[in-house]
Amino acid sequence: MPGLKGLLREPLVHFLLLGAALFALDAWLRQPPAADAGREIVVGAARINTLAQNFKRTWQRPPTRSELEGLVEDYVREEVLYREALALGLDRDDTVIRRRLRQKMEFVSDDAAALHTPSDQELADWLAANPDDFRIERRATFDQVYLDPRLRGDALEADAKRMLDELNRADASAKPSGQGDGLLLLNPRFEDLPQGEVRRLFGNAFAEALFEQPVGRWVGPIDSGYGSHLVRLQATTPGGVARLEEVRPLLEREWANARRKELGESFYAELRARYRVTVKMPEPQRGTEGGGAAAALGGQGQ
């Protein structure tokens with residue numbers, strides 16, 4: 635009989651050994667799913683309660699036993715298909731999925747920002763650093779009498795002078811009734827109107843001129859986008875930088891937005907530093923400027 639060394643040289647022995655190795659590899663790859671922790675789906679009481687609560691919010695009643703079992707089975711179906719889709723790489727190169735996952739990662743930093751409530755000192759510091767964002771507009775209460783240039787033509791100035799004399803001789807608290815030309819778009823009196831709103835309704839020139847007039851006296855005519863007006867300024871409120879108490883809700887909202895953006899950028903910078911990003915720009919077309927060299931961007935290589 636041939637010795638051991640001789641047997642190892644036989645092609646048939648090589649074939650048998652290779653077959654045994656392949657059989658062992660196949661048996662290892664075909665281990666039962668229960669041995670793989672990733673193949674286990676556990677639907678706990680907390681998840682089932684969430685499914686039931688979602689059903690109740692939609693249908694305004696709790697689910698029956700069979701409906702709850704159907705909800706659980708639907709959740710298991712979704713989980714199975716989700717895991718198998720990931721295993722097949724179906725999430726790759728899908729723009730919708732990429733954007734959704736990016737959004738969920740950004741929610742992580744947003745949630746962290748929402749946990750912090752700003753103190754009065756933090757709000758005061760933010761207000762001091764951004765005064766123009768919280769400036770209060772001047773406001774005005776005024777009466778107006780509209781004069782239509784198309785109707786009055788060359789007589790407009792004489793009519794305006796006559797009306798001013800009549801209005802200023804009347805009781806200072808009297809409302810101008812029966813004066814001027816009707817215009818349905820405009821009220822005879824405007825209460826506590828911000829300068830921006832005056833500008834929107836009457837135009838820039840009118841808004842600037844209005845706040846320069848004396849209080850309590852009819853003046854004009856002052857031109858607007860509609861025509862000409864006689865105006866009596868009743869009261870004004872000066873503008874300026876707001877106090878914290880006056881703009882607290884707006885200040886808190888703007889502070890939170892800035893904080894969220896700051897934490898988001900910091901969070902992204904930490905994540906980006908884990909990657910070495912290589913950008914290969916396309917070669918420039920003939921007659922265009924720029925280069926096509928690869929550029930290495932960002933953090934440390936991993």
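According to my numbering, the stretch in the sequence shown is residues 635 to 936, in order.
We treat Cβ as the ideally placed atom computed from N, Cα and C, and that holds for glycine.
Since the structure is predicted, the reported quantities are computational estimates derived from the model, not experimental observations.
Practice prompt. Within the same chain, show all residues whose beta-carbon is closer than 8 Å to that of GLY874, passing over the 5 residues directly before and after it, in chain order.
Written response: ARG769 and ILE770
Worksheet item: Which runs of the beta strand (DSSP E), 3 residues or longer, sit entirely within the stretch 832-870?
Response: 852-857
Worksheet item: For ILE770, which of helix, strand or coil comes out of DSSP?
Response: strand
Discussion item. Less than 7 Å between C-beta atoms, sequence neighbours within five positions excluded: which residues of the same chain meet that for ALA841?
Written reply: GLN829, VAL832 and ARG833
Fill in: Nearest-angstrom Cβ-Cβ length linking PHE689 and ALA774, presumed shorter than 8 Å
PHE689 to ALA774, Cβ: 56 Å. No contact.
Practice prompt. May I ask which residues mark the beginning and end of the beta strand (DSSP E) holding ARG823?
Written response: Run containing ARG823: 823-828, per the beta strand (DSSP E) assignment.
Worksheet item: Does DSSP put THR698 in a helix, in a strand, or in coil?
Response: coil
Discussion item. Could you check whether ASN802 and GLY852 sit closer than 8 Å to each other, using their CB atoms as the reference points?
Written reply: Residue 852 is actually Trp in this sequence, not Gly. Yes, they are a contact pair.
Worksheet item: So, are the CB atoms of LEU885 and LEU705 less than 8 Å apart?
Response: no
Worksheet item: Are GLY861 and ASP782 close, meaning C-beta to C-beta below 8 Å?
Response: For the 8 Å CB-CB criterion, GLY861 and ASP782 form a contact.
Worksheet item: Can ALA843 and ILE856 be called in contact, C-beta distance under 8 Å?
Response: Their beta carbons are under 8 Å apart, which means ALA843 touches ILE856 by this criterion.
Worksheet item: What do you get for MET797, buried or exposed, if any count of 16 or more other CB atoms within 10 angstroms of its CB means buried?
Response: The residue is buried, with at least 16 neighbouring Cβ atoms inside 10 Å.
Fill in: ARG877 versus ARG695, VAL911, ARG893 and ASP759, residue with shortest Cα-Cα distance
The alpha carbon of ARG877 has as its nearest neighbour, out of ARG695, VAL911, ARG893 and ASP759, the alpha carbon of ASP759.
Worksheet entry | Coarse secondary structure for LEU722, derived from DSSP in three states | coil
Worksheet entry | Residue nearest to ASP815 in terms of C-alpha spacing, selected from ASN838, LEU864 and GLU896 | LEU864
Discussion item. Taking the beta carbon of ASP826 as the centre, do at least 16 other beta carbons fall within 10 Å, making it buried, or is it exposed?
Written reply: Taking every protein chain shown into account, the CB of ASP826 has fewer than 16 other CB atoms within 10 angstroms, so this residue is exposed.
Worksheet item: What residues in its chain sit with their C-beta under 7 Å from that of LEU785, if we drop five residues either side in the sequence?
Response: ASP815
Fill in: Unbroken beta strand (DSSP E) run spanning THR751, endpoints
Note, THR751: premise wrong, no beta strand (DSSP E); not H, not E.
Worksheet entry | Status (buried if at least 16 other CB within 10 Å, exposed otherwise) for GLY854 | buried
Worksheet item: In or out: VAL779 buried (at least 16 other Cβ within 10 Å) or exposed?
Response: Buried, since its Cβ has 16 or more Cβ neighbours within 10 Å.
Discussion item. At the level of alpha carbons, what is the spacing between PHE776 and ARG732?
Written reply: 56 Å
Discussion item. Need the endpoints of the beta strand (DSSP E) that GLY911 sits in, please.
Written reply: Looking at the sequence provided, one finds Val at residue 911 rather than Gly. Segment 911-914, the beta strand (DSSP E) holding VAL911.
Worksheet item: What do you get for ASP788, buried or exposed, if any count of 16 or more other CB atoms within 10 angstroms of its CB means buried?
Response: exposed
Worksheet item: Buried or exposed: where does ALA794 fall if 16 or more other Cβ atoms within 10 Å of its Cβ makes it buried?
Response: buried
Discussion item. Starting from PRO918, trace the alpha helix (DSSP H) in both directions and tell me its first and last residue.
Written reply: It is not in any alpha helix (DSSP H) - PRO918 carries neither H nor E in the DSSP assignment.
Fill in: Beta-carbon spacing of LEU702, ALA686 below 8 Å
By the CB criterion at 8 Å, LEU702 and ALA686 fall inside the cutoff.
Worksheet item: Taking the C-alpha atoms as reference points, what is the distance between LEU896 and ASN683?
Response: It should be pointed out that residue 896 corresponds to Glu in this sequence rather than to Leu. A straight-line Cα-Cα distance of about 36 Å links GLU896 and ASN683.
Worksheet item: Anyone know if the C-beta pair for VAL677 and TYR716 falls short of 8 Å?
Response: Contact annotation: VAL677 and TYR716 have beta-carbon atoms that are not nearer than 8 Å.
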